[in-house]
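Each remark here refers to the structure printed beneath this line.
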Amino acid sequence: MTVTELLARGELTVRGRIQEASNAALYCTVEHDGERAACIYKPVAGERPLWDFPEGTLAQREVASYAVSEALGWDLVPPTVLRGGPYGEGMCQLWVDGAPGATGEELLALVDADEPEPGWKAIGRADVGGGRTALLVHADDARLRRLAVLDAVINNSDRKGGHLLPAADGHLYGIDHGVTFHTDDKLRTLLWGWAGEPLTGEAVAALTALAAALEPGEPLATRLGALLAGPEIEATRARVAALLASGTHPVPGGQWPAIPWPPV
């Protein structure tokens, strides 16, 4: 049985609630035929309405983000499904144990400098109080760079430091993808360090394969059709095409705050 099959078919038991989550996020176990895993269950009924996203769609957007991540071939989002549960339909995502002491925020830093040190990329100046600013930087890390590409594709409007999950095996995951796939440009992220720089050859190859997978009638396009509105899928195709046409990482558009708040 695959992990997604276990998440979709297993008996879901609520064990607790993630208190710091802005929407209802329940820590659960899922069991089927002697197999068991920990997971996060976010019921649609626990979603707070947002002014700019259709009500009751965040769970579907999380599942769609996982589907696109898998199509890119980078395993950036933990396995995620849409299923029923004790509080109705919601998204169910595999719980990933983080590396001891790691929060994702160690990939970010504030430095009293005008330019980043080698191995770091500049995001921008940040107010640190007392009329002072510091340079906000993130690690020049290939794992983060892949996430930056994914975020550009899914139009992620909330890539915070706390949404980076370094796993115990060294893999880096991105989590919390409920505010994605808007038809307007809403990219808000801390991963602007490569803005305007050429995409890697790896990214171009992955985006080329994704463009083909998004064609009408392809399995991925059909799957997204059950999760997103038609114009949102068209906008996703357009973002992939624009990335391939420019060959570069996107730059802030200036019509929407480029960095989420709070940043962590």
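Under our numbering, the first residue of the sequence shown is numbered 25, with each subsequent residue one higher. Here a beta-carbon is modelled for each residue, glycine too, at the ideal position from N, C-alpha and C.
Just the Cα atoms here: how many angstroms apart are residue i and residue j?
i: G40; j: C52; result: 7 Å
i: A91; j: L188; result: 18 Å
i: L132; j: A163; result: 6 Å
i: A230; j: G271; result: 12 Å
i: E113; j: R60; result: 20 Å
i: V27; j: S93; result: 16 Å
i: G155; j: G97; result: 45 Å
i: A32; j: C116; result: 8 Å
i: D200; j: E130; result: 18 Å
i: L241; j: E226; result: In the sequence as displayed, the identity of residue 241 is Gly instead of Leu. Computed Cα separation, rounded: 26 Å.
i: P281; j: L171; result: 19 Å
i: A150; j: G143; result: 20 Å
i: V275; j: V120; result: 31 Å
i: E221; j: A166; result: 14 Å
Among the options, whose alpha-carbon lies nearest the alpha-carbon of residue i?
i: Y111; options: V68, D151, H162 and A123; result: V68
i: D138; options: C63, G225 and T157; result: T157
i: L30; options: R169, V173, E242 and A62; result: A62
i: A48; options: A83, P78, D57 and M25; result: A83
i: L24; options: G148, R170 and V152; result: The structure shown does not extend to residue 24, since the chain is modelled only from 25 to 288, so the question has no answer here.
i: Y197; options: G70, G58, T104 and T232; result: T104
i: L292; options: R261, D76 and A146; result: Because the chain here runs from 25 to 288, residue 292 falls outside it and cannot be looked at.
i: G194; options: D76, F77 and D99; result: D99
i: R8; options: E79, H56, D165 and D208; result: This structure leaves residue 8 out entirely; the chain is present only between 25 and 288.
i: S89; options: P102, P78, E79 and F77; result: P102
i: P255; options: L36, E71 and P78; result: P78
I think residue i touches residue j, with their Cβ atoms under 8 Å apart; what is that distance to the nearest whole Å?
i: S181; j: L214; result: No, S181 and L214 are not in contact; Cβ-Cβ is about 12 Å, not under 8 Å.
i: V87; j: L106; result: 5 Å
i: G122; j: P190; result: 6 Å
i: D175; j: R169; result: About 11 Å; that fails the 8 Å criterion.
Give the DSSP bridge partners of residue i, in chain order.
i: Y301; result: Residue 301 lies beyond the range of the chain shown here (25 to 288); nothing can be said about it.
i: W144; result: A163
i: A191; result: G122
Counting beta carbon pairs with one atom in the stretch 246-263 and one in the stretch 217-229, are three or more of them shorter than 8 Å?
No contact exists between the stretch 217-229 and the stretch 246-263.
Quick check: the stretch 171-186 against the stretch 200-208, are at least 3 beta-carbon pairs closer than 8 Å?
yes
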